[in-house]
Amino acid sequence: MGVARAPLWAICLLRVVLATVYFQEEFLDGERWRNRWVQSTNDSKFGHFRLSSGSFYGHKEKDKGLQTTQNSRFYAISARFKPFSNKGKTLVIQYTVKHGQKIDCGGGYVKVFPSDVDQKNLSGKSQYYIMFGPDICGFDIKKIHVILHFKNQYHSNKKFIRCKIDAFTHLYTLVLRPDLTYEVKIDGQSIESGNIEYDWNLTSLKKTEKSSAESKGWDQTTDDKTQDWEKHFLDAGASKPSDWNSELDGDWSGPMLQKPPYQDSLKPDGIDKDVWLHQKMKSTNYLSEYDLSEFENIGAIGLELWQVRSGTIFDNFLITDDEEYAENFGKATWGETKGPEREMDSIQAKEEIRKAEEEEEQEMLDGKSKGQQNFFSRFHKQDEL
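Residue numbers (mature numbering (1 follows the signal peptide of the UniProt record, and there is no 0)): -19 to -1, 1 to 366.
Written as structure tokens, this is what we have:
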């Protein structure tokens, strides 16, 4: 008897149901985007956004996104969503950015904010949780920022992650996992990954928290009771090995005659915490209090950046807890229009070359015609003389 298999469409539908989508924006309803996005009025000189697909695109409507419109301006705009915590969950931040103007200096990154952010007064001073995306300025800066807020400070990834610098639309994805690993993708391809603790140079901060957690988690009374209890199970007649080095091996305490009875879910009177977890909790207690990639009150996403030459388009925003959903969303949006976008650009480039050649040829013809006119004009003047 054969085993019945679920159809592919049913599996895909189940995956969508399991995924939690916190925010998704494709700008497919025209000017209604203005009801969801709030332009900051913190500075009257802030640049303004409009909905546009640019001068070349893969699909005129699907490729419409927020476009910067004024040169040499700061920009600040944001959208709010239902607050959530990513504690114990994967966090995926994804969007597309297109520097159709071939940007020379300016940001293309997004920021994720706590839910209490003041959208009307959004500025460079507004606290954010995560900053992610490309930044380009001159020959020196062509990188992807991945900045995390931890212990009231901002910490950047110590690795140099290069961004795309051409004029086409690109898909940027950041994945933060609960096991403290991360991944950065461009156009669906992984370009950098690693461990958040080490790639953000946060080991020293965590060591500080370790000491603090140790002192808070255990009092001296408990430690004394633990030591007294364990003495009952030590082999007092055992002698220290001749090769024992106290500096390297620690203090000699002797082997245990038997396992304490509380190892099997039993505890002695007067000890509130499991002795067998004592050392383990000393070394890991601080992790649960100060996780480097957990944010309790995520509630807004925005663009807060500077651009010398405007024209960048931001689109296909997504915040979810499911990597596969993000991958499929990227394929259904950017993946469907990336090819036609390049084709349109190629056609326009060929047309520009053709027009330039025609203009050059016309200028040559005009030059020859003018030269002939000058020749005949001189000839007639000589004949008159």
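Beta carbons are placed, not taken as given, at the ideal position from N, Cα and C, and that holds for glycine.
Item, Value
"State the start and end residues of the unbroken alpha helix (DSSP H) segment that holds alanine 313.", "304 to 313"
"Does the distance from the CB of tyrosine 109 to the CB of phenylalanine 295 come in under 8 angstroms?", "no"
"Could you tell me whether the Cβ of aspartate 24 comes closer than 8 angstroms to any Cβ of chain C?", "In the structure shown, chain C does not exist; there is a single protein chain."
"Is the stretch 24 to 33 in contact with the stretch 54 to 69, if contact means three or more CB pairs nearer than 8 angstroms?", "yes"
"Closest to serine 291 by CA distance: which of Gly348, Asn67 and Lys79 is it?", "Lys79"
"Determine the contact status of alanine 307 and valine 91, defining contact as a CB-CB distance below 8 angstroms.", "no"
"Check whether the stretch 122 to 133 and the stretch 306 to 322 touch, using three or more Cβ-Cβ pairs below 8 angstroms as the test.", "no"
"Candidates Ile84, Trp181, Pro95 and Ile177: which alpha carbon is nearest lysine 145's?", "Ile84"
"Pull the bridge partners of proline 115 from the DSSP assignment, please.", "Ile125"
"I need the boundaries of the beta strand (DSSP E) containing isoleucine 282, first residue and last residue.", "279 to 288"
"Within its chain, find whatever has a CB closer than 8 angstroms to the CB of alanine 330; leave out the 5 residues flanking it on each side and keep chain order.", "none"
"So the beta strand (DSSP E) isoleucine 172 belongs to, where does it begin and stop?", "170 to 176"
"Starting from isoleucine 152 and walking both ways along the beta strand (DSSP E), at which residues does that stretch end?", "This sequence places leucine at residue 152; isoleucine is not what is there. Looking at the DSSP string, the run of the beta strand (DSSP E) that includes leucine 152 is 150 to 157."
"Distance check for valine 93 and glutamate 344, CA to CA, integer angstroms please.", "54 angstroms"
"Quick one: what does DSSP say glycine 88 is sitting in, helix, strand or coil?", "strand"
"Report the CB separation of aspartate 302 from threonine 1 in whole angstroms; it is logged as a contact under 8 angstroms.", "5 angstroms"
"When DSSP builds the beta bridges, which residues end up paired with alanine 60?", "Trp18 and Ile282"
"Pick from Gly46, Lys70, Ser21 and Phe4: whose alpha carbon is nearest that of glutamate 11?", "Checking the sequence, you will find glycine at residue 11 rather than glutamate. Measuring from the Cα of glycine 11, the nearest candidate turns out to be Gly46."
"Quick one: Cα of lysine 124 to Cα of aspartate 147, how far?", "13 angstroms"
"So what does DSSP say about asparagine 102, is it helix, strand or coil?", "helix"
"Taking Cβ positions, are threonine 293 and threonine 71 nearer each other than 8 angstroms?", "no"
"DSSP on glutamine 108, reduced to helix/strand/coil?", "coil"
"Whole angstroms are fine: how far does the CA of valine 156 sit from the CA of glutamate 304?", "8 angstroms"
"Going by Cα to Cα distance, which pick from Arg143, Glu340 and Leu299 is closest to phenylalanine 120?", "Arg143"
"Helix, strand or coil for tyrosine 135 per DSSP?", "strand"
"On a CA-only basis, which of Ser53, Phe65, Glu339 and Gly81 is nearest threonine 150? Give me that one, please.", "Gly81"
"If you drop the 5 nearest sequence neighbours on each side, which residues of the same chain put their C-beta closer than 8 angstroms to that of aspartate 14?", "Reading off the sequence, residue 14 comes out as tryptophan, not aspartate. The answer, listed in chain order, is Glu6, Phe8, Leu32 and Leu47."
"Let's see if you can read the secondary structure: which residues bound the beta strand (DSSP E) around phenylalanine 4?", "2 to 6"
"For lysine 63, which residues in the same chain have their Cβ closer than 8 angstroms to its Cβ, ignoring the five residues on either side in sequence?", "Tyr3 and Gly280"
"Nearest CA to the CA of lysine 43: which residue from Asp97, Lys106, Lys166 and Glu322?", "Glu322"
"Relative to the C-alpha of leucine 152, which residue among Ala313, Ile328, Gln51 and Glu339 is closest?", "Ala313"
"Let me know if serine 21 comes out buried or exposed under the rule of 16 or more other beta-carbons within 10 Å of its beta-carbon.", "buried"
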